[in-house]
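Comments concern the structure below.
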Ligand SMILES: *Cc1c(COP(=O)(O)O)cnc(C)c1O
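In the numbering used here, the protein residues as written are 318 to 699.
Right, dumping it as structure tokens:
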């Protein structure tokens, strides 16, 4: 019988305890860059750590198990994972992307993808008709984030699969925000999943990592080839930190989600808060679609306050919550997307999405919710 999700976060599909040297309970950190060969021409085991490494392999197997992937490669950052995805394409290929992408992905597409001959259209993928209308003869892929970062728009992944089938496109999903605990895009039709492992998967604000998960063996082979050739690899030590973080993914996410719901409800009642965006609120425009494709809402909230002054006051006065970029860790963070995560998105595009001087984003940690709310209260309402 297949293990449940929580068990697979610790062991993957098998109990690997018995396989480690000395029956070590955690996966050991194999720092070796090279491994000896037993026989001439036998490449069945490890040989060189850019290609594969035992610590990293354990991590990759667990991710494959959690996402239901044919294969997973662990990369040195989320952006390295997105770069591998771009490397699958060639000059002239066109992508239709969610307009509200992680700022770093937008920067990569616009400043590195474009000069290398790739083309991108950024559309509101929450609107399937608008998405399909952006497709051209040279379109090769849909690149989706749902819920999106930072405005929490929900894209219907099953509708994206239908569009992808009609036009023979690859469906690529960045699953960083929800992780496979809450959403498994392969079950909804994705071909490739990318992750920033820096966020929830490792979860402690102490490691940079990324993943590319592939559904088919053919794509898996192409991604593995790019991976071993370019060297976007995750180090054995960082692989260990990720393995360690993953073991508590479900318990962390449950608490982060509880905290997010409590904070979202509290924010909604504050006179200085104009609008709260959290998919777990029933009046969120994407709530119903989200509930059909995901098992939870996660720990990301964004909101508009009444003035730039309130936004700045909140960021500067928080004491328990840290004013910092990033998300997904056990420590709660608050961000000013306009100046931080999305500074490279052109101003007009940003304004259209509502990423302006009154827009804030919180990533909830696992602290006590009352303490977090008291901190926000003293920061915003004093
Ligand atoms: C952070 C992030 C990335 C990039 O990952 P890094 O680990 O910072 O390189 C990509 N996508 C999303 C949604 C992210 O939040």
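Glycine included, C-beta positions come from ideal geometry on N, C-alpha and C. These numbers come from a predicted model, not from an experiment.
Express the C-alpha separation of residue j and residue i in angstroms, rounding to a whole number.
| i | j | result |
| --- | --- | --- |
| residue 680 | residue 652 | 8 Å |
| residue 639 | residue 696 | 12 Å |
| residue 503 | residue 536 | 13 Å |
| residue 601 | residue 429 | 35 Å |
| residue 383 | residue 570 | 15 Å |
| residue 485 | residue 547 | 27 Å |
| residue 603 | residue 472 | 8 Å |
| residue 324 | residue 518 | 15 Å |
| residue 575 | residue 616 | 8 Å |
| residue 533 | residue 683 | 36 Å |
| residue 433 | residue 572 | 43 Å |
| residue 380 | residue 658 | 26 Å |
| residue 354 | residue 513 | 34 Å |
| residue 402 | residue 408 | 14 Å |
| residue 577 | residue 557 | 28 Å |
| residue 327 | residue 699 | 44 Å |
| residue 477 | residue 605 | 16 Å |
| residue 417 | residue 427 | 14 Å |
| residue 644 | residue 423 | 18 Å |
Apart from the five residues on each side of it in sequence, which residues of its chain come closer than 7 Å, Cβ to Cβ, to residue i?
| i | result |
| --- | --- |
| residue 611 | 495, 499 and 500 |
| residue 400 | 425 and 549 |
| residue 624 | 675 |
| residue 338 | 345 |
| residue 521 | 562, 646 and 647 |
Starting from residue i, follow the beta strand (DSSP E) in both directions and report where the run begins and ends.
| i | result |
| --- | --- |
| residue 469 | Looking at the DSSP string, residue 469 is not in any beta strand (DSSP E), and its letter there is neither H nor E. |
| residue 531 | 527 to 531 |
| residue 306 | Because the chain spans 318 through 699 in this model, residue 306 falls outside it and cannot be assessed. |
| residue 438 | 436 to 440 |
| residue 591 | 590 to 594 |
| residue 462 | 456 to 462 |
| residue 391 | 388 to 392 |
| residue 513 | 509 to 513 |
| residue 619 | 617 to 622 |
| residue 679 | 676 to 680 |
Less than 6 Å separating the Cβ of residue i from some heavy atom of ligand 1?
| i | result |
| --- | --- |
| residue 396 | yes |
| residue 653 | no |
| residue 466 | yes |
| residue 392 | no |
| residue 513 | yes |
| residue 525 | yes |
| residue 688 | no |
| residue 493 | yes |
With residue i as the anchor, note down where its alpha helix (DSSP H) starts and where it stops.
| i | result |
| --- | --- |
| residue 655 | That residue, residue 655, is in no alpha helix (DSSP H); it is neither H nor E in DSSP. |
| residue 541 | 534 to 547 |
| residue 383 | 371 to 384 |
| residue 561 | 553 to 563 |
| residue 465 | First-last for residue 465: undefined, no H or E at that position. |
| residue 413 | No alpha helix (DSSP H) contains residue 413, which is instead part of the beta strand (DSSP E) from 411 to 415. |
| residue 328 | 322 to 328 |
| residue 600 | First-last for residue 600: undefined, no H or E at that position. |
| residue 612 | Neither: residue 612 is in no alpha helix (DSSP H) and is coded neither H nor E. |
| residue 445 | 445 to 450 |
| residue 351 | Unbroken run through residue 351: none, as it is neither H nor E. |
| residue 661 | Premise fails: residue 661 is in no alpha helix (DSSP H) and is neither H nor E. |
| residue 572 | 566 to 585 |
Compute every distance between the C-beta of residue i and the non-hydrogen atoms of ligand 2, then say whether any falls below 6 Å.
| i | result |
| --- | --- |
| residue 421 | Looking at this structure, you won't find ligand 2 anywhere; what it does contain is ligand 1. |
Tell me which residues share the same chain as residue i and place their Cβ nearer than 6 Å to its Cβ, disregarding the 5 neighbours each side in the sequence.
| i | result |
| --- | --- |
| residue 316 | Look at the range of the chain in this structure, 318 to 699, and you will see that residue 316 is not part of it. |
| residue 414 | 437, 439 and 460 |
| residue 593 | 581, 584, 585 and 620 |
| residue 607 | 471 and 596 |
| residue 543 | 401 and 404 |
| residue 366 | 350 |
| residue 641 | 650 |
| residue 553 | 346, 347, 348, 370 and 372 |
Going by beta carbon distance, what residues of the same chain come within less than 8 Å of residue i, once the five residues before and after it are set aside?
| i | result |
| --- | --- |
| residue 635 | 651, 692, 693 and 696 |
| residue 411 | 435, 436, 437, 438, 453, 455, 456 and 457 |
| residue 631 | 622, 651, 677, 693, 696 and 697 |
| residue 690 | 579, 580 and 583 |
| residue 591 | 620, 621, 622, 623 and 675 |
| residue 688 | 637 |
Does the region 459 to 468 come close enough to the region 659 to 672 to have 3 or more Cβ pairs within less than 8 Å?
-> yes
Counting Cβ pairs, one atom from each stretch, are 3 or more of them under 8 Å apart for the region 392 to 408 and the region 516 to 527?
-> yes
How about the region 592 to 605 and the region 553 to 563: do they share at least three Cβ pairs that are nearer than 8 Å?
-> no
How about the region 331 to 350 and the region 368 to 375: do they share at least three Cβ pairs that are nearer than 8 Å?
-> The answer is yes - the region 368 to 375 touches the region 331 to 350, with three or more Cβ pairs under 8 Å.
Could you tell me whether the region 478 to 498 touches the region 451 to 466, where touching means 3 or more Cβ pairs closer than 8 Å?
-> Yes: at least three Cβ pairs fall under 8 Å.
Answer yes if the region 580 to 589 comes into contact with the region 441 to 455, meaning at least three C-beta pairs across the two stretches below 8 Å, and no otherwise.
-> no
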